[in-house]
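Asker:
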Amino acid sequence: MEKWFNVGKIVNTHGVKGELKVVSSTDFPEERYQKGNTLHLFLPEKKEPIEVIIASHRTHKNFDLLTFEGYNDINQVEAFKEGILKVQENQLQSLEEGEYYYHEIIGCKVVTGDGTELGTVKEILSPGANDVWVVKGERGKEHLIPFIEDVVKEVDLEKGLILIEPMEGLLS
């Protein structure tokens, strides 16, 4: 079975020349949306993905604006709204040590140095300087854990376990 990873979601068209407004979910927009790059478009009503090739990329406000080769008109791309852009596992870049893909972190259990289990990483936020991991505990309590060296001490992807050393006030 092929594994697919989300790169972004098409939320609307932009202008009349086939440009699409994308909410990005990739750490590498410059690479993913590079002219000539191939992505796969998954639409809710279609079983098979549509292979698309990036013709242009620019950013506007908080969106990535893309056009695809062979799609130069709003009427051709109108049906792409709500579509999800994905890449295959073999298109993932290898990361530096201490860097992780979102899909590797989401679902991991988070424990403190004294063995207290906080919960599972449900979501990753990217508000600025560093990512923040949203950890949801058994009773629905959420903890926001900054992905910084002072806090995240060890990530064991094989065991799905993350060891943290909470700073004072982090878990209150």
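Residue numbering for the sequence shown follows UniProt numbering, beginning at 1 and increasing consecutively.
No residue lacks a Cβ here, since even glycine has one placed at the ideal position from N, Cα and C.
Taking the alpha carbon of His60 as the point to measure from, which residue in Gln34, Val22 and Glu45 has its own alpha carbon closest?
Answerer: Closest option to His60, Cα to Cα, is Val22.
Asker: Could one say the Cβ of Gly83 lies closer than 9 Å to chain D's Cβ atoms, at least one of them?
Answerer: Among the chains in the structure shown there is no chain D, since it carries only a single protein chain.
Asker: Looking only at its chain, what residues have a beta carbon closer than 7 Å to the beta carbon of Gly107, apart from the 5 residues adjacent to it on each side?
Answerer: Excluding positions up to five away in sequence, the list reads Thr120, Val121 and Gly160.
Asker: If you compare alpha carbons, which of Lys86, Asp73, Lys17 and Phe63 is closest to Glu48?
Answerer: Of the listed residues, the one whose Cα sits closest to Glu48 is Lys86.
Asker: Within the same chain, show all residues whose beta-carbon is closer than 8 Å to that of Ile164, passing over the 5 residues directly before and after it, in chain order.
Answerer: Cβ neighbours of Ile164 beyond the five flanking positions: Val110, Val111, Thr112, Gly113, Leu118, Ile145, Val151, Val152 and Lys153.
Asker: Runs of 3 residues minimum, wholly inside the UniProt domain "PRC-barrel" (97-171): which ones carry the beta strand (DSSP E) assignment?
Answerer: Taking only runs of at least 3 residues, the beta strand (DSSP E) segments lying wholly in the UniProt domain "PRC-barrel" (97-171) are 109-112, 117-125, 132-136, 142-146, 152-156 and 161-164.
Asker: Helix, strand or coil: which one does DSSP assign to Val77?
Answerer: Three-state result, Val77: helix.
Asker: With DSSP as the reference, label Glu45 as helix, strand or coil.
Answerer: Here Glu45 sits in coil by DSSP.
Asker: Under 8 Å, with one C-beta from each stretch per pair, do the stretch 7-16 and the stretch 65-83 reach the 3-pair mark?
Answerer: Touching, per the Cβ criterion.
Asker: Going by the beta-carbon positions, is the gap between Ser56 and Thr67 smaller than 9 Å?
Answerer: Closer than 9 Å, so yes.
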